[in-house]
Each structure stands twice: as structure tokens, then as C-alpha cells.
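Have a look at the structure below, then the notes.
4 protein chains.
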Amino acid sequence: MTVNVGVIGAGMIGADHVRRLSTIVSGAQVTAVTDIDADRAASVAAGVGARSLATGQEVIDAADVDAVLVTSWGPAHAESVLGAIAAGKPVFCEKPLATTAEDCHKIIDAETAHGRRLVQVGFMRRYDAGYRAMKQVIDSGEIGTPLMVHCAHRNPTVPERYHSEMATHDTAVHEIDTVRWLLGDEIVSAQVLTPRRTSHRFEHLQDPQIMLFETAEGARVDVEVFVNCQYGYDIQCEAVGETGTVRLPDPAAPVVRSAGRQSGPVLQDWKDRFAEAYDVEIQEWVDSVAAGAVSGPSSWDGYAAAMICDANVEALHTGEIVSTGLKDRPAFYA
Amino acid sequence: MTVNVGVIGAGMIGADHVRRLSTIVSGAQVTAVTDIDADRAASVAAGVGARSLATGQEVIDAADVDAVLVTSWGPAHAESVLGAIAAGKPVFCEKPLATTAEDCHKIIDAETAHGRRLVQVGFMRRYDAGYRAMKQVIDSGEIGTPLMVHCAHRNPTVPERYHSEMATHDTAVHEIDTVRWLLGDEIVSAQVLTPRRTSHRFEHLQDPQIMLFETAEGARVDVEVFVNCQYGYDIQCEAVGETGTVRLPDPAAPVVRSAGRQSGPVLQDWKDRFAEAYDVEIQEWVDSVAAGAVSGPSSWDGYAAAMICDANVEALHTGEIVSTGLKDRPAFYA
Amino acid sequence: MTVNVGVIGAGMIGADHVRRLSTIVSGAQVTAVTDIDADRAASVAAGVGARSLATGQEVIDAADVDAVLVTSWGPAHAESVLGAIAAGKPVFCEKPLATTAEDCHKIIDAETAHGRRLVQVGFMRRYDAGYRAMKQVIDSGEIGTPLMVHCAHRNPTVPERYHSEMATHDTAVHEIDTVRWLLGDEIVSAQVLTPRRTSHRFEHLQDPQIMLFETAEGARVDVEVFVNCQYGYDIQCEAVGETGTVRLPDPAAPVVRSAGRQSGPVLQDWKDRFAEAYDVEIQEWVDSVAAGAVSGPSSWDGYAAAMICDANVEALHTGEIVSTGLKDRPAFYA
Amino acid sequence: MTVNVGVIGAGMIGADHVRRLSTIVSGAQVTAVTDIDADRAASVAAGVGARSLATGQEVIDAADVDAVLVTSWGPAHAESVLGAIAAGKPVFCEKPLATTAEDCHKIIDAETAHGRRLVQVGFMRRYDAGYRAMKQVIDSGEIGTPLMVHCAHRNPTVPERYHSEMATHDTAVHEIDTVRWLLGDEIVSAQVLTPRRTSHRFEHLQDPQIMLFETAEGARVDVEVFVNCQYGYDIQCEAVGETGTVRLPDPAAPVVRSAGRQSGPVLQDWKDRFAEAYDVEIQEWVDSVAAGAVSGPSSWDGYAAAMICDANVEALHTGEIVSTGLKDRPAFYA
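Chains as they are written, first to last, in the working numbering: chain V, 1 to 334; chain X, 1 to 334; chain E, 1 to 334; chain S, 1 to 334.
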């Protein structure tokens with residue numbers, strides 16, 4: 001069975017997923033594309049033999065659309081996701097699930113009312129081979145109960161439009177989801193430290209930041225976010241348990257010895273770092289849709305990320321320890 | 001465009017390629033399957049909605065077969081490959097291309113007469129990300145002209161039917177092809193050293209072996225083959241050039257610290273080590289067939305491997321340095 | 001010239017330094033030893049052909065003592081160091097310099113009045129080859145201005161008498177001194193996070209702890225202290241600068257591949273980790289005494305460590321961010 | 001007890017050992033120095049408060065010389081070593097023990113006649129922490145019976161006077177001794193492969209060379225010697241046993257991430273690589289002299305190295321496999 005996918009939003013990430021669905025993923029084809037820029041939608045659709053449609057609702061309603069992929073800009077996500085739920089169609093939504101916790105909650109309510117999971121949120125790190133191997137080690141009990149996680153998220157540079165709150169919403173949000181998933185635990189409070197700023201940044205930006213989270217079980221998580229580190233795109237993660245530690249591997253690369261150094265590359269682009277994770281993510285989503293059982297990051301995960309990010313931004317501005325207000329996960333998302 | 005593939009040989013590797021073409025590779029479907037065991041062909045074909053046919057020739061001739069994949073046992077390869085060439089259809093042949101140099105040469109003659117490349121041989125290491133990164137370093141000139149390559153090919157164990165000549169034909173053949181490709185050079189002689197045998201082997205087997213090759217340009221290649229090393233499946237390769245060295249990376253894996261050790265896994269199965277290389281190999285083959293331009297390992301590479309393996313086996317038995325007899329590569333395969 | 005050393009305190013660390021001065025260090029001999037346990041002093045002295053004396057003052061005053069090494073218990077340090085200053089003799093004092101900031105200040109005053117440096121404090125990590133290489137990288141400008149330092153200090157286990165404040169005074173004190181030295185910067189505030197406690201500890205102990213320091217220049221330092229980590233003695237340090245990072249190397253050790261793992265040892269004992277640093281430390285001290293110019297960690301460094309530790313312990317108890325109260329370093333210690 | 005050492009030969013390595021004995025090694029002092037250049041002897045002696053003497057025999061005979069260190073040029077070694085044996089004094093001789101196998105045998109005969117070991121040969125790699133840790137792993141049985149050893153010995157460049165035979169006598173001689181010691185086995189034959197020469201060399205020199213040794217137990221050893229590798233001084237060694245492998249560690253060094261690379265230094269100078277090994281070697285020799293029991297590399301090891309080097313040079317010139325002619329080790333050297 002081939003899964004027919006309708007795509008809402010044909011920007012950079014949307015076009016990339018269209019390419020992925022057409023040339024890499026097995027068992028899927030893109031049948032409909034829409035975008036606020038109709039020409040862009042037409043062009044992307046034509047490239048893969050799909051139709052372009054005028055609105056997201058038309059995509060959702062199309063008879064030849066089995067599942068919906070939402071890659072529009074963040075504020076438009078909730079409407080499309082709610083529309084897909086109303087139509088009873090599986091929907092993959094790039095992060096954020098919605099730009100407000102309130103909208104996230106509406107989605108949770110609608111999906112719960114529908115009675116089974118339809119929504120998957122695009123936290124692709126859960127599909128990275130390195131993180132998966134880390135989780136396997138943690139779950140095996142080899143390092144004992146996790147007590148601490150140390151993370152670093154470094155980008156070479158960011159453009160001027162990147163502001164201090166994006167360090168949470170666009171950058172640390174990946175660590176926030178990943179740590180919740182690695183530990184099977186919830187983040188209950190946030191604090192942000194603001195080190196001396198690098199001189200390689202735009203004036204308005206607090207860079208780096210150190211974010212400190214506490215989980216419901218009492219584990220402590222520190223996340224260094226440093227988005228103008230100059231030297232590369234570098235993702236680090238170490239979990240420390242009662243009896244051992246496990247560290248996320250760097251990407252495999254040949255070691256060269258020349259000119260007095262032994263060296264290997266540091267990646268420069270997040271797309272290179274997580275290209276395979278995206279491929280696996282979408283393949284598994286397509287497979288799960290075909291099997292009738294969506295199982296990736298859920299609406300609850302999208303909601304939790306939104307709550308934690310909001311608390312973290314407040315922590316950045318106030319300097320205080322801020323509660324995330326997250327209560328128990330509903331049984332529906334257990 | 002979807003490439004319709006007919007598969008000749010539905011054993012372990014054939015069934016694996018059928019699965020790969022159906023569930024991983026994009027842009028292909030299996031339409032016909034044959035095997036000397038008709039039940040097996042029927043079963044594998046049914047699993048992916050393909051027809052089973054009685055003979056390889058029927059598969060080659062089928063109207064809904066655009067390209068042929070040969071995964072029968074070695075002695076049957078030549079006939080199917082020659083049949084596909086006669087039909088003017090692209091054919092992917094698992095190694096060996098043929099079991100005699102003479103048959104390899106017949107294939108080269110037929111393909112050359114046809115006028116453009118149709119044959120690709122299944123040397124999948126050229127599609128491994130680590131080897132590709134190594135080749136990129138070598139081609140960049142960063143280590144200067146290559147002078148030596150040190151290789152090791154270790155398997156945890158082999159079954160009793162594995163005999164001393166298979167160390168060349170089934171095991172070192174991968175290094176033989178890879179080194180030719182990494183260096184862009186030809187192997188002109190072979191010598192085999194026979195170290196003290198491991199006690200963890202069947203009586204009849206010389207294990208380990210050290211194979212010494214010389215290239216046309218004078219580079220020296222040593223290949224340790226050790227197929228009962230017990231500890232894992234471990235592939236090592238280091239190229240030494242005039243100004244530097246480059247080493248094949250080990251697969252990325254988390255480092256665990258526990259119980260007084262820092263450690264990571266060594267793979268146990270060659271399928272785990274090269275699973276992605278197989279996926280990439282078949283995807284690129286399908287893409288090249290769709291684009292009308294086969295470009296992977298050629299009939300010449302299959303022939304050269306056969307000639308080098310023959311010389312190497314003679315070297316094993318005689319203890320002498322044996323010439324491979326390889327002359328210049330025909331312009332057709334440049 | 002041979003430096004004659006008098007040793008005050010012949011406990012474990014004192015006896016170890018006596019051995020070091022006698023059998024490893026060049027250009028020194030131990031001539032006098034004292035201890036509150038006279039038998040112990042006699043035994044240690046006899047082992048190296050030295051005299052045992054009744055009191056520290058006798059050691060300080062002895063004509064055949066050129067320099068004094070203080071390895072008594074902490075509360076007795078100040079008296080011996082002040083005595084050596086009064087006698088105008090160089091004195092090496094194991095950490096802490098004194099158990100109160102007030103006593104540290106008396107030593108600073110006495111040494112300053114004397115007019116040139118006589119005191120060296122036993123912060124041996126400054127003599128570790130790995131930390132020295134890290135400092136060289138930082139000082140070279142290769143990673144730019146340091147913005148953050150991430151440290152971990154892990155011991156396999158601690159005895160029952162180890163209590164929560166010792167995580168600062170006995171454990172993190174090393175990171176506190178090392179970071180001040182690596183950065184050439186002062187620590188101005190401290191905060192302590194208390195993760196979920198490991199179950200592998202005595203009841204009274206908060207283990208692990210995460211200590212957060214800020215420097216005068218605004219760099220942020222986090223130190224994980226985990227003294228019952230079970231798996232080994234593991235010291236980690238990474239400095240993050242404006243343009244790059246540098247990481248403390250693990251001790252060199254052979255990598256073994258066996259039984260499906262590649263692995264190396266994690267040390268179990270801090271003495272193994274820093275044995276060479278102790279040797280270098282004492283050798284350089286002896287050399288500096290012979291050259292008439294003491295230059296290692298100073299009384300000011302001992303005082304600063306005391307002030308920072310006091311603030312950190314307060315931070316542990318209050319949960320607040322506590323100022324260390326450290327003002328500018330006197331010119332005498334520049 | 002202080003060991004009084006007389007030094008014969010005050011060239012670069014001799015002067016270095018004089019410095020080592022005076023400023024690093026504990027329990028020794030240099031009392032007498034000689035050199036064919038009397039001014040040089042006087043200068044080196046004066047620097048450490050020793051006498052300079054006119055001849056090696058005077059040094060050997062001096063009443064204040066307990067032990068002799070021979071660092072003259074190779075052809076003069078045998079005379080000094082034989083003189084020391086005649087005087088019944090322990091003697092440390094830098095490699096080679098003698099420049100002919102015949103002279104080595106005279107030394108063995110004289111030492112055997114004397115009745116207990118007096119001679120230690122300067123194979124300092126046995127004192128390197130990395131090789132010692134490797135040997136510990138091998139001796140523990142963790143990798144099973146060793147079957148192969150792969151070595152590489154690379155220097156950045158060599159001066160014009162370095163010729164092809166020196167690749168054996170001055171370079172590979174270290175691997176030859178180290179492998180004999182690691183395996184506790186004897187080398188019985190040699191073969192040399194001559195790869196394409198690097199263009200970064202003087203005309204007369206075959207560089208690189210690959211040396212192939214077989215041991216009495218049937219283990220195979222390959223040694224890549226490449227003395228103009230440009231990029232650094234790089235020593236590699238991997239032992240492969242029946243159940244596992246162990247690899248010599250690279251020197252510990254901080255990893256820097258900057259400008260798109262993660263990198264660490266490759267040493268440039270053999271003195272940096274083995275500085276500590278030299279210190280340990282001489283310290284242990286001094287300790288063994290003081291204890292009356294010389295135990296390092298023996299005259300037999302010096303003789304075996306000479307025999308193997310001679311065979312290897314013949315192998316280089318003939319292209320043949322050459323027997324080393326080594327018979328059983330005498331009981332005296334067991």
C-alpha cells in the first residue's frame with residue numbers, strides 16, 4: 001500500500017519533506033501540496049507529479065490524501081492539525097505543535113475526543129541512531145537510574161533575526177524533548193544562566209545561555225546553548241546514572257594525520273547532522289500510517305515542550321527558577 | 001518513474017534485496033522473481049505482490065522488467081548477466097561477476113559490443129559512508145600520493161564449510177575491490193603469509209592469512225584476513241600517503257563508562273556494518289537505471305577481482321609472489 | 001645543591017612526600033621529620049636516614065632544614081606556615097592553606113611583610129600534563145576568550161565520614177583552583193544544585209551536587225561532584241571559548257577489543273590519576289627553592305580557595321546564590 | 001646510597017643522560033665523564049660537578065665510579081662494555097650493544113664467564129607506559145595467544161646522511177626489540193618490501209620500507225618504516241591474538257575544536273615521545289644497580305637485535321626471506 005500524503009506549507013522544510021517522501025521514503029507519494037505562495041506550491045507539486053491546491057483545508061479534504069504533513073509557519077500549525085483531526089486523518093506536524101499552550105491543549109482535547117492518536121510532532125532527534133543507542137543503554141539499566149544529563153547545542157552562527165528567546169523555542173526545544181524521552185521523566189522547573197556574551201554576535205542577543213532543568217524524579221539537566229560558537233554544529237549529550245555514564249557519539253568520520261595534527265571534521269550544518277534522522281522519522285511515520293498506528297512524539301509531547309519553553313523564557317527574563325506547571329501525563333498518552 | 005526490477009535468485013541475499021527494493025528504496029518495485037526453488041520464488045514474490053517465473057530467461061524477457069538483479073549462486077551469474085546484456089537491460093550482479101576469469105571476459109566482450117554500460121557488480125563497500133569519506137580525503141590530495149594501505153578484515157567465526165581459498169574469494173575480495181577504487185590503481189601481484197593458526201578454527205583452515213599486494217604504481221597493500229577472531233566483525237583500513245594518513249572510522253556508538261571500563265560495542269555481523277551501504281548501493285543503482293546511466297563497479301572491476309583472487313589463491317598454495325596478469329583497463333571502462 | 005627538607009606531619013600524604021623526595025625527586029633530601037605520633041615520625045625518618053624531631057617548630061628551626069613541607073592535619077597548617085615565614089624559610093603547605101579565611105589572611109600579611117614569596121600551596125593539578133596542555137591551548141588564543149567551563153569530579157566511593165560539605169572543601173576545591181588558574185580569572189559567586197541522590201551513598205550525604213560559579217569576567221563554570229559514581233575516578237574538564245573548545249584528555253591507555261567490546265580502563269584511584277602531577281609539583285618546588293624563587297600556587301590562591309569554598313557551602317545550605325566576597329588580588333601576588 | 005656513574009661519550013645522548021642523572025633521577029650522581037673531544041667532556045663534567053677523564057678505561061677504573069654508562073659512537077661500544085665487565089662494574093650501553101654480532105658474542109661470553117648480569121642495553125621502549133600497559137594486557141591472556149603484530153614507525157624527516165640500511169639499524173631496531181619483548185618470542189626470519197618511494201626524500205634512500213618478520217612460534221610481524229612521512233613522529237603498534245586485539249595508545253593530548261575541525265597534536269620529535277621512558281629507564285637502572293641486580297634488556301637482547309638487523313638488511317638487498325640464525329636463548333639470560 002502506498003500512503004498518499006498531502007503537504008501544507010512548501011517552504012524550505014516542506015519542500016525538503018516532499019523530496020524525502022518522493023525520492024527516499026518507500027511506500028509513500030505526495031499527491032497534493034499547498035502554500036500561501038501559490039506559485040511555490042505549484043512548482044513544488046509539479047516536481048513530483050502532485051496537484052497544488054489553494055488551501056490547507058482542501059488538502060485535508062482531498063480524497064487522494066491519506067495523511068497530512070504540516071510544514072507551514074508555526075502560528076498556522078494548530079488550524080491544520082485540528083482540521084486533520086476533524087477529518088480523522090493522521091497528521092505529522094513540524095515543531096512547534098502550536099505557538100501557544102492553549103492551542104496545544106485544544107489539539108489534545110480534539111485528539112482525545114477522537115479516541116485514538118492521529119498526531120505526530122516532528123522531534124526528529126528521537127530517530128537519530130546515536131540518541132537511540134544512548135536510550136538503549138539507559139533503558140538497559142547499564143548506567144543505573146539517571147541522575148544528571150549534560151547537554152550542549154552549538155551552532156556556528158545565526159542570522160540577525162535570531163533573538164534571545166529563540167535560544168529556547170528554536171534551539172533548546174530539541175534538548176527539552178530529547179531529555180524527556182531519554183529519561184522517561186517530566187521537566188518541572190527551569191532556570192537560565194547568562195554567561196559573558198561572545199563578541200561574535202548581534203548586539204541584542206544573549207549568547208551563550210546555560211539552561212538548568214529539574215525533572216519530576218529530581219534529575220538535573222543542564223543545556224549549554226551557544227549559537228555563535230564559530231567552529232561548527234556540535235551536539236553533545238552525556239547522561240550520568242547511579243553506576244555509570246553514557247555519551248552521545250560524534251558522527252563517524254575518518255581521522256586524518258597531516259601537518260602535525262590528527263584531526264577530523266566538525267559538521268557545519270544541522271541538516272548534515274540529522275539528515276538520516278529525518279529520513280528515518282518520515283519513513284517510520286509513513287510505515288505507522290500504513291499500519292494504522294501512529295506512535296511517534298505525541299500532542300502531549302508538543303504541549304509539554306510548549307509549557308517548558310514558556311517557563312524557560314520567563315526564567316531567562318526574570319533570573320528566577322520557574323515552574324513549568326506540568327502535571328501528570330493523561331492516560332491517553334501513556 | 002518507477003523502475004521495475006526482476007530478481008533472479010531468491011536466497012538469503014536475494015530475499016534481502018527484494019525487501020530492500022520494496023520497503024527502503026524509493027522509485028523501484030519488484031515485479032518478477034525466479035529461483036531454482038520454485039516455492040521459494042513464489043513465496044518471496046507473493047510477499048511483495050510480484051509474479052514468480054520459472055526461469056531467469058523469463059525474468060529477463062518479461063515486459064514489466066526494466067532491470068535485472070542477479071543473486072543466484074555464483075556459477076549461474078554469467079549466464080544471467082549475458083542474457084540481460086543480450087536483452088539490452090541493465091543488470092546488477094552480486095559478486096562474483098562470474099566464477100572464472102574467462103566468463104568475466106565474455107561479459108566484458110558482450111557489454112563492449114553492446115556499446116554502453118549495462119552491468120554493475122555488487123561491491124557495496126564503495127557505498128559505505130566511511131570509505132567514501134576516506135576516498136574524498138585521498139582524492140583531495142590532503143595525504144599526498146598514496147604509498148601504502150593497511151587493511152584488516154575480521155569475522156567472529158565462520159562455519160566449517162569455509163575453507164582457506166574463501167579467505168580470498170569471499171572475504172579479501174572486498175578489500176581487493178575497495179583498495180583498487182580508493183587508489184584508482186591496479187593490483188599487479190600477490191603474496192600470502194600464513195601466520196600461526198588460531199586454535200579457534202576448523203582443522204582444514206589456514207586462519208589468519210596476511211595478503212600482500214603490489215599495485216601498478218608501486219603502492220603496497222597488506223590485508224590481514226582473520227575470520228575466527230572471536231571478538232567481533234571488525235573492518236580496519238588505513239591509507240598512508242606521502243604527507244599524511246587517513247583511517248576508516250569505526251561505526252559511531254555511545255561510549256559507556258561503567259564498572260571500571262570505558263567501552264563501546266564491536267559489531268558482530270557484517271550485515272549490521274554494511275546495512276546502510278547496501279541501501280545506498282541499491283538506491284543509487286535504481287536511480288542510475290532511471291537516469292539511463294549505470295556507473296557503479298563495472299564488469300572490468302568484476303574481472304579484475306577475479307584475476308587478483310586467482311593469483312592470490314595461487315600465492316597461498318605456492319608461497320610465491322604471483323603476477324595477476326592484469327593489463328591496462330580498456331577505454332570503455334575508463 | 002641539595003635542598004634539605006623538613007617535614008611536618010608524617011601521615012599518609014606526608015609519608016608519600018617523604019618517599020617522593022627521597023626516591024623520585026632529584027636535588028632534595030629529607031633531613032627532619034615530625035609528627036604528633038612520635039613513633040610514626042621516627043619510623044618515617046629512619047626509612048630515609050633523617051632525624052625525627054619533637055615539634056614542628058624544631059623542624060622549622062633546624063639548621064639542616066632549608067625548606068619546610070607541611071602535611072599535618074588542616075587545623076595545624078597555619079601555625080607551621082606562619083612559623084616558616086617567621087624563620088624566612090620556604091614552605092610547601094598541602095591544601096588547605098588554613099581552615100579559616102582569617103588564618104589565610106594572617107599568612108598573606110606575614111608573607112607580604114616578609115617582602116617576597118615563601119609559601120606554595122599544594123594544588124597539584126596545575127602540574128598535570130593534561131591540564132597544562134589545556135592551559136597552553138587557552139593561553140594561545142586558539143579557542144578565543146573563555147566563556148564557560150564544564151567540569152566533573154567523580155570518585156568511585158567515599159567512606160562514611162565524608163559529609164556534604166566535604167564535596168566542596170575536599171573535592172571541588174581542586175576544580176575551584178584549577179579553573180581560576182586556567183582562566184586567570186576570579187570566582188565571585190557560587191550556587192549549588194542538589195540532584196536526586198544516588199542510592200549508593202550513606203544517608204547523610206547529598207551526592208551528587210552541581211556547583212555553579214561565576215567569575216569576575218562573567219564566565220560561567222559548572223562542576224558536577226559525584227563521589228559515589230561507582231565506576232571509577234573520572235576527572236572531566238571542557239573549556240568553551242568564543243571560537244572553540246578544548247577538553248582535558250583522559251589518561252592514555254591501550255584499547256582492547258575482546259568479547260564484543262572495545263574498551264579501556266577507567267582509573268579507580270586519584271593517586272594513580274595524579275601521581276605524575278605530584279612528582280612534577282614537588283620537583284618544581286624543590287627546583288624553585290634551589291633557585292631562590294618560589295612560584296607555584298600562592299597564599300592568595302589558598303585564601304581565595306577558602307573564601308570560595310565558604311561561599312559554596314553556604315550556597316549548599318541556603319539554596320541561594322552567594323557572593324564569595326573576593327576583591328582584587330594584591331600586587332604582591334600578581 | 002647514591003650510585004656514582006661514569007659516562008663514556010658526552011655527545012648529544014650522553015649529555016642528555018648526564019642531565020637526566022643529575023636533575024631527574026633520584027639516587028645517582030655523575031662523577032666522571034670522558035669523550036674523544038676532551039673539551040666537550042670537560043664542559044659536560046663541569047656542568048654537574050664531575051671530573052673529566054682522558055679515556056674510557058680511566059672512567060671504568062675510577063674508584064668513585066660504581067657503574068658505567070656508555071654513550072660513545074657505536075663502533076666503540078664493545079670495548080667499553082668489555083672493559084666494564086672486566087672491572088666487574090654494571091654497565092648501561094646505548095644501542096647498539098656492538099656493531100657486529102661477533103662483538104656481541106664476545107660480550108655475552110665475558111658476562112657469562114663473570115657469572116652474573118652486568119650489562120643493560122638501552123632499549124627504552126620497554127619503559128614506555130603505553131607499551132608496558134600493552135604487555136600487561138598480552139600477559140594477562142585477555143587477547144589470547146598473539147598471532148600477529150602490526151607496527152608503524154614514522155619520522156617527519158631524516159637528514160641526507162640517513163641511508164636505507166639505517167631504516168633497519170637505527171629505526172626498526174626499536175620495533176624488533178619491542179616485539180621480541182612483547183611476545184616473549186624470537187624472530188627467526190626477515191623479508192623486506194619496498195613500496196613506491198616518497199618524493200620527499202634524498203635520492204639514495206628507499207623510504208618507506210615494509211619489514212616482515214616471523215617468530216619461532218609462528219607469529220607474523222609487519223613493520224612499516226617511513227622516515228620522511230612529513231606529518232610527525234608517529235609510533236603505532238597493534239597486537240592481534242586468538243581472541244582479541246590491543247593497540248598502543250597515542251600520547252594523551254587535549255582535543256581542540258575550532259575552525260571546523262576537532263584535532264590534537266601529533267608529536268614531531270622522538271625525544272618528546274619517549275622522554276618519560278628514558279627517565280624511567282635510567283631510574284630503574286640506577287635502582288637496580290643500587291640493589292645489585294641488573295634486570296633490563298640484556299646482552300642477549302643486544303645480540304639478537306644485531307642478528308635480526310643483519311638478516312633484515314640482507315633481505316632488503318636480496319628481496320629474499322632471510323633466516324636470522326637465532327638459536328635458543330642461553331639459560332644465563334632466561
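Using N, Cα and C, we set each Cβ at its ideal position, and we do this for glycine too.
Listed along chain X are Gly244 and Thr245, each with a C-beta nearer than 7 Å to that of Arg257 (chain V).
Separation of the CB atoms of Gly325 (chain X) and Met307 (chain X) is rounded to 6 Å, and the pair is thereby assigned contact status at 8 Å. For Asp250 (chain E), the neighbours in chain S by C-beta distance under 8 Å run, in chain order, Ala252. With contacts defined by Cβ atoms closer than 8 Å, Val70 (chain E) and Cys151 (chain E) do not form a contacting pair. Minimum Cα-Cα distance from Ala101 (chain X) among the listed residues X:Ser263, X:Gly74, X:Arg117 and X:Arg273 corresponds to X:Gly74. When secondary structure is reduced to three states using DSSP, Ser189 (chain X) falls in the strand class. Non-local beta-carbon contacts of Val322 (chain S) in its own chain, meaning distances under 8 Å to residues more than five positions away in sequence, involve Ser189, Ala190, Gln191, Ala311, Asn312, Glu314 and Ala315 in chain order. When the beta-carbon positions are compared, Val255 (chain E) and Arg247 (chain S) come within less than 8 Å of each other. Residues of the stretch 127–147 of chain E with a C-beta less than 8 Å from any C-beta of chain S: Ala129, Gly130, Ala133, Met134, Val137, Glu142 and Ile143, listed in chain order.
Taken through DSSP and simplified to helix, strand or coil, His200 (chain V) comes out as coil. The closest CA to that of Gly319 (chain S), considering only S:Arg197, S:Val240, S:Leu212 and S:Lys106, is found on S:Leu212. Only exposed fits His114 (chain E), as fewer than 16 other CB atoms lie within 10 angstroms of its CB. Boundaries around Gly241 (chain X) are those of the beta strand (DSSP E), Asp234 to Gly241, since no alpha helix (DSSP H) includes it.
Around the beta carbon of Lys271 (chain S), fewer than 16 other beta carbons sit within 10 angstroms, so the residue counts as exposed.
Among the bridge pairs identified by DSSP, Ala152 (chain X) is matched with X:Glu224 and X:Gln236.
Cβ proximity to chain E below 9 Å picks out Val25, Ser26, Gly27 and Ala28 from the stretch 25–40 of chain S. Using a Cβ distance threshold of 8 Å, Asp61 (chain V) and Thr31 (chain V) do not count as a contacting pair. Nearest to Cys104 (chain E) by C-alpha distance, out of E:Arg116, E:Tyr127 and E:Ser80, is E:Ser80. Fewer than three Cβ pairs drawn from the stretch 283–292 of chain X and the stretch 132–146 of chain X lie within less than 8 Å of each other, which leaves the two stretches out of contact. Here the alpha carbons of Ser298 (chain E) and Asp170 (chain E) stand approximately 18 Å from one another. Contact between Val149 (chain V) and Val179 (chain V) holds, since their C-beta atoms are separated by about 5 Å, short of 8 Å. Taking the beta carbon of Tyr231 (chain S) as reference, the chain X residues within 9 Å of it are Ile143, Thr243, Gly244 and Thr245, listed in sequence order. The DSSP-derived three-state label of Leu183 (chain E) is helix. Listed in chain order, the non-local C-beta contacts of Leu205 (chain V) below 6 Å within the same chain comprise Ser164, local neighbours out to five positions each way being set aside. Under the 8 Å criterion on CB atoms, Val289 (chain V) is classed as non-interfacial with respect to chain E.
Shown here, Gly6 (chain S) sits in a strand according to DSSP, grouped into three states. For Gln283 (chain V), there is no enclosing beta strand (DSSP E); the enclosing alpha helix (DSSP H) covers residues Trp270 to Ala291. Taken through DSSP and simplified to helix, strand or coil, Met1 (chain E) comes out as coil. According to the DSSP assignment, Met307 (chain S) belongs to the alpha helix (DSSP H) that extends over Ser299 to Thr318. Within chain X, the C-beta atoms nearer than 9 Å to that of Pro208 (chain S) come from Leu147, Met148, Arg220 and Val240, in chain order.
Counted as a single uninterrupted DSSP element, the beta strand (DSSP E) harbouring Ser263 (chain E) occupies residues Arg261 to Pro265. Judged by their CB atoms, Ala67 (chain E) and Val33 (chain E) are not nearer to each other than the 8 Å cut-off. In the DSSP annotation of this structure, the continuous segment of the alpha helix (DSSP H) that includes Ala133 (chain E) starts and ends at Ala129 to Ser140.
Only exposed fits Gly88 (chain S), as fewer than 16 other CB atoms lie within 10 angstroms of its CB. Taking the Cβ atoms as the reference, Arg196 (chain V) lies roughly 5 Å from Leu147 (chain E), within the contact range of under 8 Å. The beta carbon of His200 (chain E) sits closer than 7 Å to those of Asn228 and Gln230, all from its chain and outside the five residues before and after it, given in chain order.
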